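Count the sequence shown with mature numbering (1 follows the signal peptide of the UniProt record, and there is no 0) and you get residues -15 to -1, 1 to 383, in order. Let me begin by presenting the structure, written as structure tokens, before commenting on it.
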Amino acid sequence: MRTVVLLIAVLQVRALERHVQGKAGDAKNGQQYRAMCTLVEIARQKATNLGKVTFDRADVDTIEDLNMSASSLAWQSKFPSKEPTQPAPAPKCSGSNQPIACHPDCNKWKSAKVRTAGKHEAGTTLKVFPCIQETAQGKRAQTAISDLAANAAAVYKNYQETVKQTLGGAQEAISHALQDALWGKQTRPLSGEAQDKWAPTGTRKTDCEGTKAGISLRDDITCLCARGTTQDGHICGNNVDNDCTAWGGPAAAADATRITAKCSEVAKPSLTAQTIRAAKLNFDAQLRSHATGSKDTIHIGTLKSDGSCERSNDGGCVDYTQALKPQETGKPNAISWYNSLSDAADKLEEYIQAQRKEDGVRQDLQRLRKNAEQRYKALKIGEDAPENIKATYKNSKR
């Protein structure tokens, strides 16, 4: 199913490009520009629409309350019915005969007793048949409820340690990965907005190949589309970059801002794992292996006649030959923004999977709670029939 969805997304992106490829004013890098713009627009999004974690331990506490109410009176008497006004002195937890306060679940039991006592006072349903807890029937029911409480606590603990962590950290992790793709790998915590990690040297050839290639999407799309002082044409399309300036630090940064701002006119992708992966596949399809001049390159865009990404009247490109060599285990290449987008896609997928798991945990706890409530209802029924029923039964035997 995932493969089908991904294929559909790729076809949609390619269909868009075929539609606009012949647009008036388009130039040699027009198709590559649109491929990069899709990636830029993905990276410019903010993962603010992810659902917040709203799942709490209400079902777990309900089962604990039922367990406390069903327990023997001797057990219940070990815990106060109200929260103490003063903190209790620290218990002595050494030796074999330790007080109940030393048990790791003591606070959980205390809370259950306080909640249970409050429900009794309010006249709600937590009332059992008097002294039924001391009977065999009551002890059997309480043992079953206690097992259900232990199961519920284990399910919720596992949820907190796994699913909740994924859901709670997804928004920040995805946002960080997108920022890193657009601006380059950031050092966090940030002091303000994300900053360009690509530092142009003043030479286009140097800044668009080797270790400079792939630092950020802003970096690479500028190398692809910026107009130098010798360029007459619009290499990425009409009005993508109309400012002809010499290549340099401030000028290249200004070019990056202008060029990426235009991307919203040609790409409006959604933020999903499938969209990210489709956009990356489309980028892969734009790469070309070429022997020009005296060097072999793997690049995107139009090379200069000598095979470099130096400025030329009708050229602009990024040489990924070195960046395509993987440097980290599990990473397909050393293109930093590419790997950051992979991280974002993985986190989005983990988030969706965690949501499904959360729904499963919710259903499991609801099932355990209903089971405990059914067993608790049995404790409201006395072992002896009321006197009027006994009299009716005796009369029917005459």
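Glycine included, each C-beta is placed from N, C-alpha and C at the ideal position. As the structure is a computational prediction, the values presented were derived from the model and not from experiment.
query	result
With 16 other Cβ atoms within 10 Å as the buried cut-off, status of residue 173	exposed
Helix, strand or coil at residue 161 according to DSSP, with G and I counted as helix	helix
Min CB distance residue 331 to chain B below 8 Å	Looking for chain B here will not work: only one protein chain is present.
Residue closest to residue 308, alpha-carbon to alpha-carbon, out of 297, 315, 323, 300	323
Distance, residue 21 Cα to residue 266 Cα	11 Å
Within the stretch 267 to 302, ranges of the beta strand (DSSP E) (whole runs, at least 3 residues)	273 to 277, 280 to 287
Whole alpha helix (DSSP H) elements within the stretch 37 to 112, 4-residue minimum	43 to 55, 58 to 61, 91 to 106
Beta-bridge partners of residue 304, as assigned by DSSP	284
Own chain, CB closer than 6 Å to residue 102, minus 5 neighbours either side, in chain order	66
Cα-Cα separation between residue 151 and residue 78, rounded to whole angstroms	36 Å
Opening and closing residue of the alpha helix (DSSP H) in which residue 322 lies	321 to 363
Nearest-angstrom Cα separation, counted from residue 73 out to residue 178	48 Å
Nearest candidate by alpha-carbon position, reference residue 363, set 117, 255, 338	117
CB contact flag (residue 384, residue 185, <8 Å)	The structure shown does not extend to residue 384, since the chain is modelled only from -15 to 383, so the question has no answer here.
Where residue 186 falls: helix, strand or coil (DSSP)	coil
Simplified DSSP state of residue 30, which is helix, strand or coil	coil
Three-state class that DSSP yields for residue 18 in the structure shown	helix
For residue 246, the first and last residue of its enclosing alpha helix (DSSP H)	234 to 246
Same chain, Cβ closer than 7 Å to residue 207, five either side skipped, listed in chain order	237, 240, 241, 244
DSSP-derived helix/strand/coil call for residue 136	helix
Where residue 253 falls: helix, strand or coil (DSSP)	coil
Proximal residues to residue 163 (C-beta, below 6 Å), its chain only, five neighbours per side dropped	28, 329
Touching by the beta-carbon criterion (3+ pairs, under 8 Å), the stretch 40 to 56 and the stretch 136 to 153	yes
Collapsed DSSP secondary structure at residue 143 in the structure displayed	helix
Inter-residue spacing [alpha-carbon to alpha-carbon] between residue 219 and residue 198	22 Å
Exposure of residue 259, with buried meaning 16 or more beta-carbon neighbours within 10 Å	buried
Residue 169 versus 347, 194, 203, 104, residue with shortest Cα-Cα distance	203
Three-state secondary structure assigned by DSSP to residue 12	coil
Spatially closest choice to residue 296 from 366, 212, 321, by CA coordinates	212
Cα-Cα separation between residue 54 and residue 38, rounded to whole angstroms	30 Å
Contacts around residue 336, its chain only, beta-carbon distance under 6 Å, and the 5 residues preceding and following it disregarded	155
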